[in-house]
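Let me begin by presenting the structure, written as structure tokens, before commenting on it.
2 protein chains.
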Amino acid sequence: MSGVEEQTAGAGERRRSRGGAEARRAARTALKIEQFPYIVRKIPLVTVLDEEGLSIIERNADTILQEVGIEFRDEPEAVKLWQGAGADVKGTRIRFPRGLCRGIVQKTAPREYIQYARNPERNVRIGGDATVFAPVYGPPFIRSLDDGRRYATIEDFRNFVKLAYMSPAIHHSGGTVCEPVDLPVNKRHLDMVYSHIKYSDKPFMGSVTAPERAADTVELARILFGADFVAKNTVITSLINANSPMVWDGTMLGAMKVYARANQASITTPFILAGAMSPVTAAGTLAQVLAEVLSGAGTCQLYNPGAPVIFGVFASSISMQSGAPTFGTPEPTLVSIAAAQLARRLGIPFRTGGSLCASKIPDAQAAYESAQTLLPTLQCGTNFVLHGAGWLEGGLASGYEKFVMDADQLGMMQVLAKNIDLSENGQALDAIREVGPGTHFLGCSHTQANFETAFYRSSIADNNSFEQWEAEGAQDAAQRANKLWKRLLREYEAPPLDPAIDEALQAYIAKRKAASPDSNV
Amino acid sequence: MSGVEEQTAGAGERRRSRGGAEARRAARTALKIEQFPYIVRKIPLVTVLDEEGLSIIERNADTILQEVGIEFRDEPEAVKLWQGAGADVKGTRIRFPRGLCRGIVQKTAPREYIQYARNPERNVRIGGDATVFAPVYGPPFIRSLDDGRRYATIEDFRNFVKLAYMSPAIHHSGGTVCEPVDLPVNKRHLDMVYSHIKYSDKPFMGSVTAPERAADTVELARILFGADFVAKNTVITSLINANSPMVWDGTMLGAMKVYARANQASITTPFILAGAMSPVTAAGTLAQVLAEVLSGAGTCQLYNPGAPVIFGVFASSISMQSGAPTFGTPEPTLVSIAAAQLARRLGIPFRTGGSLCASKIPDAQAAYESAQTLLPTLQCGTNFVLHGAGWLEGGLASGYEKFVMDADQLGMMQVLAKNIDLSENGQALDAIREVGPGTHFLGCSHTQANFETAFYRSSIADNNSFEQWEAEGAQDAAQRANKLWKRLLREYEAPPLDPAIDEALQAYIAKRKAASPDSNV
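For the record, the sequence lines run as chains L and A.
Its first residue numbered 1, the first sequence is counted upward by one per residue in my numbering.
Its first residue numbered 522, the second sequence is counted upward by one per residue in my numbering.
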């Protein structure tokens, strides 16, 4: 099974429509991309805590909410709503009677929801037994073998949207796939959202850097989907980070308020480097995370009961020597798996993990750390996986080579999640009877019948003999990945977009850009 | 938590015993190696099949044993023993009434056993909730950044034994850490076993390339431990591979017979590249694996009821394009996890996995593949993990850099297996009360109290800032690993060995070497 593979068959239609050797060569090597639907997990959930352990964490979260409380800064409306809901308010500090937040969340927040895409085949279900992969989010830099590390531009942004569009196991176009620092801060969100709409047909995320930018995102979605459709359906999922420990700030709350009231989804996410933003222990971190999520998701429900909200956690720890964040280490893995259990008990979708690493380059460190993050992310039942592909350097750089390497790993997760085929064909008893002892299965009829789909085919790994690998230049994985992402971008074709909608989107963007001077605040 | 780390404290004792700047520098940077005991897993077992799925596989294995049968080649005694036990024998083909093998194994094979080491602190428990990591086994080549790829020598062999000895999370010295091709085939086993005894104090594996070489291994163990001790205790665990599909050959059976009758442990292991040695499907592969293990482990119990025997499986699949083996892909992961479940139902210890990869070099491919193999290996409850460190190129090369990279990952698995600390200190409620919203935990008393042990400290990962990493030469993980293994070998000190025993070992080896001419057969 493989999404990205070379089409070695004749590709007759295409060949006839062009002429000459070049066209035949193009046809022979044309990329055939079969998109995968979002994952429906068939493997058992991986857990770490038992009932007693989970109860301890939940009890401690309630203690934090009750005794310590959470700061709600620069968002008086949220404070007022909590006062009305029965919380104890002192200035910006809100303390919550035990169980209050949980009750509010469980009363109205949906257990799962559909995020619609402009191509209905790319709609995703977020929650339950579904897993959705989205690309890296946030880096101001990019890295490639060609350019090394440099600031990201809107062209890079478009490139990563295109690569995500062409990656079969990336189900979601994501949000800030890199930060286009060549555009003014107060307007770049328009180009970012437009790029997701224009260059992909997968679902996307919205701007959260200011409430009015969230409002722009909703307006663009209304143009794309129709205002009626957006009023009734979720077409945007956005990332609302806590300012851990135990602070929600006005910018994020303001963006969440816009989205929630437009029926759009928010991922309330404590951003944790344990040891800095939370205690140095997993159990302490988990209690704080749960307290922050309960207060954030509860706020979402107060803004608009029933608006989709996700239990998010970004779990990392810091080097106790340097204070630098570390990734792919065991402690954050335990936090993520336990948090998934807490989210299921709360009854809302869950987000964590991805392909996280501290490495600056797509080397062995990057891959060990990413794999050690990604596999548990799938196994623990994460519903929405941000940073699925492209993350480097603790999130400071989006890597071109890393992106296609990770996308290959996501494809493997997609196969793993299917579990073992126990059909008669899967059991293959007749093949064993046919072949018998001391021979091999290479040519037997069962092998021939299952040839195409038997095993995942990596787009990056070199499995050839040492001699062949050496004859082909002794390349490492990053060098092969460099060829692959360039080829994907070369062969990219935009999904069709209704020209009238495209014009309307561009008109809105032009109007908004004209309304205020450029600013980098 | 870290086993290999630089000692930054004063190291007063050592400093006083030497003089001058060099001694102070040496003391300042001396390696402090704290060995970890074998893992006792505190995380829940990961599974893939339910009761019904497992029953299907077990039924199919019995069908294979009954209808197709297993070849027992060049070992008439095994055939005779099976005939006596009620099997249906036609020449070298043995067919087994349903349940016969299982009954024989379950009647006498131990659920777990202790393998004793010459240093009692290094004894390992194999089975149950214990996991033991051993290094790579078998490669004829080595790879390092310095030498590239070349044939392995006995010096390389000693080096890998030393590196395993100095790796805190490698609990077992292993066997053929590389194949010393500079020594004659018929005598190199003597130098290999001696190297494990001399340069490490961890438990080790025995020769299986001929019954008389297995006998030499037992003799050397008797010299080391005393004949009485060896008669009553297991001090050798050895790898007995099936010649899949469905063949046991005389060499491997002969070696197993020697070990079993000396009360030593065997790992009966179908060596599977699915699609070649087994069907292209996981369920088909599993049924065949179980049939092979049942017949092999059963043979072990017929040789000597009660001799320790491990359910082994080496699970890989092949590229359907080239026929080359692939690693770190989802299908073998599913096979390994399900096989662990089958082993638990059978009631004997389990071996699979390791840090397997197809990559020729310690690049991102190697790391993705190794991590995707290693984590499930731990999670599914594997008791004995061969190839835990150093494996490259589908097992054709032992990598120096790969070895220390993997050893670092094994350390992480050791921490992961501890699960979350739910003690009062782990819950850290007081830390959260002390710190409160909007500040940080860096200097709080709880963080200070847990500073040393809070997070796993990688010996390979660079978590520094981009600027610092660049200033230090912008090295990749392999370059840092190159420095680490050289440093370890430089600072290696042999564990003390009773000179009388050492002499006796050497005398036995000299006598055996003199007894026959060198031969490469």
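Using N, Cα and C, we set each Cβ at its ideal position, and we do this for glycine too.
Remember, predicted model here, so these are calculated numbers, not experimental data.
As a beta-bridge residue in DSSP terms, serine 799 (chain A) pairs with A:Ala795. When beta bridges are read from the DSSP output, threonine 269 (chain L) appears opposite L:Asn241. Within the region 876-947 of chain A, the complete beta strand (DSSP E) runs of at least 3 residues fall at 918-920. The beta carbon of arginine 98 (chain L) sits closer than 6 Å to those of Asp62 and Gln66, all from its chain and outside the five residues before and after it, given in chain order.
Contact with chain L is found for isoleucine 564 (chain A), since one of that chain's Cβ atoms lies less than 7 Å from the residue's Cβ.
The C-beta distance from proline 279 (chain L) to alanine 949 (chain A) rounds to 4 Å, short enough to fall under 8 Å. Histidine 967 (chain A) belongs to the set of residues whose beta carbon lies under 7 Å from a beta carbon in chain L. Taking 7 Å as the threshold, the shortest C-beta distance from isoleucine 560 (chain A) to chain L does not fall below it.
Between arginine 1033 (chain A) and alanine 887 (chain A), the alpha-carbon positions lie close to 40 Å from each other.
Within the region 995-1011 of chain A, Asp997, Ala998 and Ala999 place their CB atoms closer than 7 Å to a CB of chain L, listed in sequence order. In the structure shown, lysine 513 (chain L) adopts helical secondary structure according to DSSP, grouped into three states.
Lysine 486 (chain L) sits in a helix when the DSSP states are folded into three classes. Using a Cβ distance threshold of 7 Å, glycine 590 (chain A) and arginine 616 (chain A) count as a contacting pair. Rounded to the nearest whole angstrom, the CA to CA distance from alanine 599 (chain A) to alanine 910 (chain A) is 35 Å. The C-beta of proline 724 (chain A) has 16 or more other C-beta atoms within 10 Å across all chains shown, which makes the residue buried. In this structure, the straight-line span from the alpha carbon of tyrosine 165 (chain L) to that of threonine 439 (chain L) is close to 44 Å. The three-state secondary structure of arginine 664 (chain A), taken from DSSP, is strand. The straight-line gap separating the alpha-carbon atoms of isoleucine 310 (chain L) and serine 716 (chain A) is approximately 56 Å. For glutamine 115 (chain L), no alpha helix (DSSP H) segment is defined; the enclosing uninterrupted segment is the beta strand (DSSP E) at 112-115. The continuous alpha helix (DSSP H) containing valine 230 (chain L) extends over residues 227-232. Note that the C-beta distance between methionine 205 (chain L) and glycine 250 (chain L) is not below 7 Å.
With a beta-carbon spacing of about 7 Å, threonine 790 (chain A) and isoleucine 761 (chain A) fall inside the 8 Å limit used to define contacts.
Around the beta-carbon of glutamine 321 (chain L), fewer than 16 other beta-carbon atoms lie within 10 Å, marking it exposed. In terms of Cβ geometry, cysteine 444 (chain L) and alanine 461 (chain L) do not form a close pair [threshold 7 Å]. Listed along chain L, no residue sits closer than 7 Å to phenylalanine 924 (chain A) by beta-carbon distance, the nearest being about 12 Å off. Annotation: serine 1040 (chain A) is outside any beta strand (DSSP E) and is labelled neither H nor E by DSSP. Just measuring C-alpha positions, the residue of L:Ala364, L:Phe133 and L:Ser465 sitting nearest arginine 122 (chain L) is L:Phe133.
Inside the region 152-205 of chain L, DSSP marks whole alpha helix (DSSP H) runs of 4 or more residues at positions 154-165 and 188-199, from first to last along the chain.
Comparing alpha-carbon positions, the option among A:Ile882, A:Asp1039 and A:Tyr977 lying closest to asparagine 1003 (chain A) turns out to be A:Ile882.
In the assembly as shown, glycine 381 (chain L) is a buried residue. Its beta-carbon has 16 or more other beta-carbons within 10 Å.
Under DSSP, tryptophan 769 (chain A) shares a beta bridge with A:Phe593. Any Cβ of chain A closer than 7 Å to the Cβ of valine 415 (chain L) would place that residue at the interface, and such an atom is present. Within the DSSP bridge table, the entry for serine 316 (chain L) names L:Leu273 as partners. Contact check for proline 245 (chain L) against valine 181 (chain L) fails: the beta carbons are separated by 7 Å or more. For aspartate 571 (chain A), no alpha helix (DSSP H) encloses it, and the DSSP letter there is neither H nor E. Its chain contains Ile39, Val40, Arg41, Lys42, Ile43, Thr131 and Leu378 as the residues whose beta carbon lies nearer than 8 Å to that of alanine 417 (chain L), once the 5 sequence neighbours on both sides are disregarded; these appear in chain order.
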